[in-house]
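To get our numbering, take the position in the sequence shown, counting from 1, and add 3.
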Amino acid sequence: MRTARATEMSRFGILALAVFAVACAPSAPKGAQRAGGGATSDVAIAAQKTYVAPGDLDEYYMFSSGGHSGQVYVYGVPSMRHLSTIPVYTPYPATGYGFDDESKKMLGDLTWGDVHHPSLSETNGDYDGRWLFVNEMNGRLARIDLRDFKTKQIIGPIPNVSGNHASAFVTPNSEYSVMASRFSIPIPKGTVAGVDKYATDYKGVITGIKIDPKSGEMSFGWQIVMPPFDYDLGDAGKKVSNGYVFFTSYNTEKATGKLEVTSTQKDRDYIAMVDWKLAEKSAAEGKGKMIGGVKVLDPKEIPGLVYFLPCGKSPHGVDVAPDGNWIVGSGKLQGVTTVFNMEKIQTAIKNKNFTGDEDGIPVLKYEDIKDAEVTVGLGPLHTQFGPDNWAYTSLFVDSAIAKWKLGTWEVVDKAPMSYSIGHLSAAEGDTVSPDGKYLVGLNKLSHGRHLSVGPSQPESSQLVDISEEKMKLIYDAFTEPEPHYAQIIKADKVKPIEVYPKEENKHPYAVWDVKDAGVTRNGNKVLVKMVAVRSTLTPTDFEVKAGDEVTIAVTNIEQTTDELHGFGLLDYNINIVVDPGETKQVTFKAKKSGVFPFYCTNFCSALHQEMQGYFIVR
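This is the structure in structure tokens:
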């Protein structure tokens, strides 16, 4: 019979063994600990909402800025899977972008771009799924065709604009993509003036880039010369505010040097309200003057062209509500966000309720144009919208999202973000009819949210369920640095093609039968018309002379989706990828003598490895 002491010792031994086992067991991943901390039901619900079963498709596309990569990233929502990378301002060997003649021409001498704000084309204030416009800091604007998710045009660098940050915001029927310069400089570019003359000789510039309603082709529209402030972000008016576009500005002190001190002296900065329809009309009437090859309008000479709305100090975002009557501006050094009323603004303009002017631009009285100061929290940056007058504001300092009500101005919920959230994107949240289902927080920092990869930590975008009264964080997703802004569109609005129709291929060197492939010479210029089809590149070999200018045009005659073929030429830095039904060409000098293999770089069939040939330079 066991004694009480024996029983006690036995219990002690079991306990000690358990403690030893726990102490010696491998540490559980941090994520496992975190996931286990919540209620199982919450975890299960979150998993169910973000799980897209094999064979099923996401409900939304999210187009996210690629920051310093110069690219745009495409995600599915709610799965948050990375679907595609769209190269825009940088070469991308995976798709041969930046290696063929056309994309090299678009890139020009610049092969990097700091991408910030993608903007979907709109019809009547709703995303229409046709095009995506995106800016970058070197003063360029790009158009991506959502039929094939490829960059089709890059315009710029735009004359007179330095630091194209406040871009690429699109007007409600995609009449214009508008932009404003972050850095004021003497204009035209190339003019030199010392920073001691900053207040008088330096200028900001607002630009309207005209968009062709059928093709999406972009062209220079008009520009407006502005005081030497830093113009940060923008948004186009809609419904009752349609015809106007709004830009935040800081450094209204016109200071230079350590701006964290010198540009934060005033209690308020401004939102510039621009009448873009009046700008269009004025330019068409011949007003303004040519500067740097573009028609530039002066607000001092065109009454009503621009007004300044006083806003919180150092504002970042300005966002127009779905009804167009409320304009939300956030001073990131305050704890409130201000809601301006468009009807009050129009009344103040009519009654000339001004407090003065900035370089001839009237400044409206703050108290006459605001509806509310909403105490959302510290560091308000951007606001997105849902149905039923719900608004969501990112709080950089608080590392949270605030949910509040337009009209009542009541803050009803806050969701913590991890952390230092910048932009946020709600499903169709920039339109006249937001969905209100999901919201993504684009965080600037994300310490501890992913497995460590060294000093530069993975970035984090967090998916938030906003379909119910309380917001719920349901997914942590990796995003490429640095995430700035994104837009989320219903997937059924986007109609990508499967192959390029043969009749749409207008390339002069396209060939559709192997019998038409071949090599022709004109002096020292050699043209190779090549056909790519499983599993041969025709011609399989060809010769040129050292010093020849060689053009190789590859036509992929496949008519099956995803049957891509590549053309990689070793030692010549040539790498192009051709989609089904597409023709691409590359032109280069045959500088190296020898025998150089070429091959299909994209897996295409069981005999993919056999798809090769030789380029001979004598």
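All residues carry an ideal CB built from backbone N, CA and C; glycine is no exception.
Here the structure is a predicted model, which is why all the values come from computation and not from measurement.
Which one of M420, L367, A56 and S449 has the shortest CA to CA distance from K475?
For K475, the closest alpha carbon among the candidates M420, L367, A56 and S449 is that of M420.
Straight-line Cα distance separating E546 from G616
11 Å
Nearest neighbour of P511, chosen from I555, G207 and E361 [CA to CA]
I555
What are the complete beta strand (DSSP E) segments, minimum 3 residues, inside the region 205-241?
Within the region 205-241, the runs of beta strand (DSSP E) at least 3 residues long that lie entirely inside it are, in chain order, 207-214, 221-229 and 233-239.
If the criterion is Cβ atoms closer than 8 Å, does the pair L312 and V277 meet it?
Not a contact, by the Cβ cut-off of 8 Å.
Using 8 Å as the Cβ pair cut-off and three pairs as the minimum, do the region 491-501 and the region 105-121 touch?
no
Whether Y478 touches A49 by CB criterion (8 Å):
Taking 8 Å as the cut-off, the beta carbon of Y478 is found closer than this to the beta carbon of A49.
Hey, Q387 and L442: beta-carbon distance below 8 Å or not?
Less than 8 Å divides the Cβ of Q387 from the Cβ of L442.
Can you list, in chain order, the residues of its chain whose CB lies under 7 Å from that of G237, leaving out five sequence neighbours each side?
A169, F172, V181, A183, V248, F249, F250 and V321
Ignore the nearest five residues each way along the sequence and tell me which others in N578's own chain have a CB closer than 6 Å to its CB.
P96, G99, F102 and G571
By the three-class DSSP mapping on this structure, what secondary structure does E105 have?
Three-state result, E105: helix.
What is the residue span of the beta strand (DSSP E) that S596 lies within?
Per DSSP, S596 belongs to no beta strand (DSSP E) and is neither H nor E.
Tell me N446's beta-bridge partners as DSSP assigns them.
Per DSSP, the beta-bridge partners of N446 are I424.
Kindly give me the distance between the Cβ atoms of N141 and H119, rounded to whole angstroms, as I take these residues to be in contact under 8 Å.
Actually they do not touch by this definition, with Cβ atoms about 12 Å apart.
To which residues of the same chain is S222 closer than 8 Å at the C-beta, ignoring the five residues directly before and after it?
I158, I212, K213 and D215
Going residue by residue through the region 259-300, where are the continuous beta strand (DSSP E) segments of at least 3 residues, counting only ones entirely within it?
271-278, 292-294 and 297-300
In the DSSP assignment, find the alpha helix (DSSP H) that holds D374 and state where it starts and stops.
Boundaries for D374: no alpha helix (DSSP H) harbours it, while the beta strand (DSSP E) harbouring it runs K373 to V377, taken from the DSSP string.
Short of 8 Å in beta carbon distance, which residues of its chain neighbour G410, apart from the five on each side in sequence? Order them along the chain.
N392
Within this structure, are the beta carbons of L573 and P600 separated by less than 8 Å?
yes
Would you call R14 buried or exposed, if buried means 16 or more other Cβ atoms sit within 10 Å of its Cβ?
For R14, the predicted structure reports a pLDDT of 37, less than 50, and the residue's modelled location is therefore unreliable. The matter cannot be settled from this model.
Decide if G197 is buried, meaning its Cβ has at least 16 other Cβ atoms within 10 Å, or exposed.
exposed
Inter-residue spacing [alpha-carbon to alpha-carbon] between S608 and L454:
36 Å
For a test of the three-state rule: what should DSSP assign to S470, helix, strand or coil?
coil
K217 to N328, Cα distance in whole Å?
30 Å
Unbroken alpha helix (DSSP H) runs of length 4 or more, entirely within the region 50-121: which are they?
104-110
What are the boundary residues of the alpha helix (DSSP H) that includes M345?
M345 to K353
First through last residue of the beta strand (DSSP E) which encompasses Q156:
K153 to I158
Between G53 and V264, what straight-line distance do the alpha-carbon atoms span, to the nearest angstrom?
According to the sequence as given, residue 53 is Thr; it is not Gly. Cα to Cα, the separation comes out at about 44 Å.
Run through the DSSP bridge pairs and tell me what G571 is partnered with.
N578 and Y602
Which ranges would you report for the beta strand (DSSP E) in the region 158-197 if only whole runs of at least 3 residues count?
Entirely contained in the region 158-197, the beta strand (DSSP E) runs reaching 3 residues are, in chain order, 167-173 and 179-184.
Check whether T88 and W115 have beta carbons under 8 Å apart:
It is not a contact, given that the beta carbons lie outside the stated cut-off.
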